[in-house]
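In what follows, a single structure is set out as structure tokens and then discussed.
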Amino acid sequence: MGKLRLFDSTLRDGSHAIKHQLSADNIEQYCRYADNVGFHTIIVGHGNGLGASSLQVGISALGDQQMISIARKNLTITKLGVFMLPGFGTIQDDLKPALDIGADLVCIGTHCTEADVAQQHIEYVKERGKEVYGILMMSHLASPEKLLGEALKMQSYGANGVILMDSAGASTPRMVAERISKIAESLTIGVGFHAHNNLGMAVANSFHAIEAGATIIDGTVRGFGAGAGNCALEVLAGLLYKSDIRTDIDLYRILDLSEKIVSKIMPKPQEITSDSLMSGIAGVFSGFLPHVKKTAEEFDVDSRDIFLELGKRKIVAGQEDMIVDVALELANKKAKDQDLSF
Amino acid sequence: MKKVKVGIIGTGNIGIDLLIKIQRSKSLECAIFTGRTPDSKGIKIAKDLGIRTSADSIKAIEDDPKICDIVFDATSARFHVKHAGILDKLKKFTIDLTPSRVGKMCIPVLNINECLDVKNVNLVTCGGQAATPIAYAIMQVHPDTRYIEVVASISSVSAGPGTRINIDEYTQTTKDSIMSFSKVPAAKAIIILNPAEPPITMHNTIYALIENPRIQELQHAISAIAKKIREYVPGYNVTLGPLKDKDRVTTMIEVVGRGDYLPKYSGNLDIITCAAIKVAEEYAKKKLLK
């Protein structure tokens, strides 16, 4: 087993928690401080990745290229990472410019059953001689066998590793262990895990993933991220320290990064609200949370009902427009029920 | 009424759907259905319909050039690049259903007449067929629109290997179509493959940023253009809006397929085969049968 590497998505997943409003100062200060913490990469950008700043999922305060340039100036030791979802960003408009500015590492994400849409992008990054990882999102929705098939596709395209993303924070420890061990047994490249904390299991599930064979853990400092947040990397670092699992992380530095920088970027501590717990139970992408809350208020329906219905419809990341559809249906049903009630 | 002879290259889902639609056409008949796999499902269906088939792909048309006047290419972008030159030499009116972008971009409701004067017509993408007319209608009412964004959700099962391997071109081409037809200064296309079971119907959301939108005029323009599209894509419907939220106008479109060969949820494929038939029928009527 190779040395455990930590991928830091604080400035990517954390963007979700502040509606993609990271400032130039945030990025500059964070990168300067985090550069010598010992992360393998620091991933920067809109929560949904390159090219995702949009009315559909939210307009970011700064453009992708601006964010990457600022990070580039302030990182010398740690690799600068970017994230992209095919269908949102394109090679011509987004990926090529990001690499031209100086991104060192790219994560290409797809829904966990759709790995083949990442082929063009993984191959492109490979051709450019940069590190590239395939991300299988909403990994709780597919069986270990199915995930293995998709991970093998990403490996065949040339990925340096495959990371399972528990986007909805809907995985139990057993689900994580089964999926990671299935993939780690058969892949010749690294396997990783990206947790969400909807069921309060982000650090624990990351630890289970390591025990099952993961060599990459993707998380955020203080768990800063979409919905209930992510695996808090400084907490995991403490747990790993106590468990004698070696990483490149400097424990005191990551603690300082958390206290001095990240606590100031975060408008409030990351918490598990009943809505994000519901999203974990329903298995719905946690980035939906602010949109669901807003829509529930507008249509005067219960956000918990929206989540359960979205879960039933197996809505995937990027289908934020379906929230209105569901809310409208629930509101109509409610009006009808009231008509019948007298 | 005399019918014009057409050829179909590519015997996959799109080719078969075209074949079945042509059986209903008053002005078209399929004279040759040609692919590369002699025992494919498509070839069998064509044989059962009594239509001449071939496993020599485009060569079947090269060997017998008089067999048809119009050719549908339902292969892949890579193959169409090769086919385009051959079909041009044979002087065949060519309707390309791949994202090759060799020919003139065609959205029938917007530019069909211009397309009848060229030799090679490209049908953009399904998202482009569905959303470009709405973007155009919005810009007619509000030339001051700052930005248009299109989100196309299609079911995973109806996105074939061609779409998947070319998802980057698909996204880029859809955006380019929105910008070039509507003239909006900035645009974005987002494509989402939805793996839900049972499969979702093709669904498109069109956002526009407009200072003080005149919603009634927009509504009128959008429903007028949707009505025209329904003449050749019967399952095309505005399901929501235009709805105003400050400067944001949202419109949702759903395309229910005709269920000819492809299931009804495959509105994304139906809209492009319907568009192809429309172009062929117009060409037949205006250029060949008059």
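Top line first, the protein sequences correspond to chains R and B. With positions in the first sequence counted from 1, the corresponding number in our numbering is that position plus 21. With positions in the second sequence counted from 1, the corresponding number in our numbering is that position plus 493. C-beta atoms are modelled at their ideal positions from N, C-alpha and C, and glycine is treated no differently. Computed from a predicted structure; not experimentally measured.
Check                                                                                                                      : Outcome
Same chain, Cβ closer than 6 Å to G578(B), neighbours up to 5 away in sequence not counted                                 : none
Contacts that K314(R) makes with chain B (C-beta to C-beta distance below 7 Å)                                             : Within 7 Å Cβ-Cβ: nothing; K314(R) doesn't reach chain B, min ~16 Å.
6 Å Cβ shell around K757(B) - same chain, five flanking residues per side excluded                                         : V749 and G750
Residue burial classification, G248(R) (beta-carbon count within 10 angstroms, cutoff 16)                                  : buried
Cut-off 7 Å between Cβ atoms - residues of its own chain near M22(R), not counting five sequence neighbours on either side : At M22(R), the pLDDT of 48 sits below 50, so the modelled position is not reliable; the number obtained from the coordinates is stated separately. Cβ within range, chain order: T236.
Selection from D610(B), T591(B) and M672(B) that minimises the alpha carbon distance to G653(B)                            : T591(B)
Helix, strand or coil at P724(B) according to DSSP, with G and I counted as helix                                          : According to the sequence shown, residue 724(B) is Glu rather than Pro. It is coil, neither helix nor strand.
Within chain R, the residues that A689(B) reaches when beta carbons sit closer than 8 Å                                    : R334, K335, I336 and V337
Beta carbon of V726(B) nearer than 8 Å to that of D753(B)                                                                  : no
N697(B): first and last residue of the uninterrupted alpha helix (DSSP H) it sits in                                       : Per DSSP, N697(B) belongs to no alpha helix (DSSP H); it is in the beta strand (DSSP E), M695 to L702.
First and last residue of the uninterrupted alpha helix (DSSP H) at D277(R)                                                : L272 to D277
T111(R): contacting residues in chain B (beta-carbon distance under 7 Å)                                                   : D661, T664 and Q665
Start and end residues, alpha helix (DSSP H) containing P601(B)                                                            : P601 to C608
In DSSP terms, what L733(B) is bridged to                                                                                  : M745(B)
Three-state class that DSSP yields for L781(B) in the structure shown                                                      : helix
Candidates V58(R), I266(R) and P118(R), of which the one nearest F228(R) by Cα                                             : I266(R)
Alpha helix (DSSP H) segment containing S518(B), residue limits                                                            : Taken as a continuous stretch (DSSP letters only), S518(B) belongs to no alpha helix (DSSP H), as it is neither H nor E.
Buried or exposed by the 16-neighbour rule on C-beta atoms within 10 Å, applied to N273(R)                                 : Residue 273(R) is actually Tyr in this sequence, not Asn. Exposed: under 16 other Cβ atoms inside 10 Å.
Start and end residues, beta strand (DSSP E) containing N613(B)                                                            : N613 to N615
Short Cβ contact (8 Å threshold) for G596(B) with V611(B)                                                                  : yes
Rounded C-alpha distance that separates A689(B) from M159(R)                                                               : 12 Å
G211(R): CB within 7 Å of a non-hydrogen atom of the ligand NAP                                                            : This structure lacks the ligand NAP; in fact it carries no ligand of any kind.
7 Å Cβ shell around N353(R) - same chain, five flanking residues per side excluded                                         : none
Selection from F109(R), Q140(R) and E255(R) that minimises the alpha carbon distance to I684(B)                            : F109(R)
Own chain partners of N659(B) with C-beta closer than 7 Å, once the 5 adjacent residues on each side are dropped           : A570 and P592
DSSP three-state assignment for M222(R), whether helix, strand or coil                                                     : coil
Reduced DSSP secondary structure (H/G/I, E/B, other) of A109(R)                                                            : Residue identity check: residue 109(R) is Phe in the sequence provided, not Ala. F109(R) falls in the coil class under three-state DSSP.
Which of helix, strand or coil DSSP assigns to M22(R)                                                                      : At M22(R), the pLDDT of 48 sits below 50, so the modelled position is not reliable; the number obtained from the coordinates is stated separately. If DSSP states are grouped into helix, strand and coil, M22(R) belongs with coil.
Three-state secondary structure assigned by DSSP to G578(B)                                                                : helix
Integer Cβ distance of L126(R) from G102(R), believed to fall under 8 Å                                                    : 4 Å
Exposure label - S264(R); buried when at least 16 CB within 10 Å                                                           : exposed
For F565(B): DSSP bridge partner residues                                                                                  : I501(B) and I588(B)
Any C-beta of chain B under 8 Å from that of V138(R)                                                                       : yes
Below-8 Å beta-carbon distance, G108(R) vs any chain B residue                                                             : yes
Helix, strand or coil at Y629(B) [DSSP, three-state]                                                                       : helix
Collapsed DSSP secondary structure at H61(R) in the structure displayed                                                    : coil
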